[in-house]
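Numbering (this note's numbering), first residue to last: 139 to 373.
What follows is the structure, encoded as structure tokens:
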């Protein structure tokens, strides 16, 4: 409705300007040219103000999304990211290293994580299981992306949900087999596994960098929660 209202305003302003130009064409009164310019000037101002408000609204939504991420990362998704980090062979990133890292060091970790390698295929299976267990979280993220008009997040969630569907379909027919062994035999499926799990590492580091830059206190809280959970799991 808001978009339709804006389009109506644009049409009215352009039509008004065109009307004055038409009158000037008929009467040759130069003052009509000045009158014709006014709606166009207003149109430019309206467009600039609208873009400014849209950018500010989107920034507010990103800030809200950051807090929502914080809640989810510290609850439903904590086990997933801890399992994913603990299984990494390369680059060897730990929660403790993330906690004490400077912003530049975090960015270096993120760059190194463009290519990840796991300790073994079998150790990747529990991470895949955690993704399936967190299906409702990915669904909620997709709904948020729709509400906040974040197309990139929406596309990421669709990809993850399709992957989860593949896992669940395989497990339904092969409850005693490891999905990762099935992926090992199918290049396209292993590519999916590596994208989903690798992106999990990269998205977590992206979020850590975002917190370190904008909310350093929240960064300390989130990473401290993860560090404590890791220590409890190791006991």
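For glycine and all other residues, C-beta sits at the position ideal for the given N, C-alpha and C.
- Exclusion of the five residues before and after residue 306 leaves 270 as the residues of its chain whose Cβ lies within less than 7 Å of its Cβ.
- Counting C-beta atoms within 10 angstroms of its own C-beta, residue 176 has fewer than 16 neighbours from the protein chains shown and is therefore classed as exposed.
- Under the three-state reduction of DSSP output, residue 258 falls in the coil class, being neither helix nor strand.
- Looking at 221, 263, 296, the one whose alpha-carbon comes closest to that of residue 276 is 296.
- Nearest in C-alpha terms to residue 243, of all of 198, 301, 262, 344, is 344.
- In this structure, the CA atom of residue 353 is about 11 Å from the CA atom of residue 360.
- Note on residue 256: 16 or more other CB atoms within 10 angstroms of its CB, so buried under the neighbour-count rule.
- Measuring C-alpha to C-alpha distances from residue 217 to each of 250, 282, 338 identifies 338 as the nearest.
- For a cut-off of 8 Å, the C-beta gap from residue 237 to residue 367 is around 12 Å, too long to register as a contact.
- Annotated as distal: residue 349 and residue 342, with beta-carbon spacing of 7 Å or more.
- Judged by DSSP secondary structure, residue 227 falls within the beta strand (DSSP E) whose first and last residues are 226-228.
- Contact check for residue 318 and residue 259: beta-carbon distance about 5 Å, within the 8 Å limit, so the pair qualifies.
- Under the three-state reduction of DSSP, residue 316 is assigned to coil, being neither helix nor strand.
- Per the C-alpha coordinates, the member of 315, 283, 267, 282 positioned closest to residue 301 is 267.
- Using a Cβ distance threshold of 7 Å, residue 156 and residue 214 do not count as a contacting pair.
- The DSSP-derived three-state label of residue 166 is coil.
- Look at residue 368 here: in three-state DSSP terms it is helix.
- Judged by DSSP in its simplified three-state form, residue 356 adopts helix.
- Taking residue 241 as reference, the option from 250, 316, 351 with the minimal CA-CA separation is 351.
- Residues 259, 328 of the same chain have their beta carbon placed closer than 8 Å to that of residue 322, with the five preceding and five following residues left out of the count.
- Along the length of the segment 263-310, whole alpha helix (DSSP H) runs at least 4 residues long occupy 263-271, 273-286, reported in chain order.
- For residue 251 against residue 265, the beta-carbon gap comes to about 15 Å, at or over 8 Å, which does not count as contact.
- Spanning the alpha carbons of residue 164 and residue 154 requires a straight line of approximately 15 Å.
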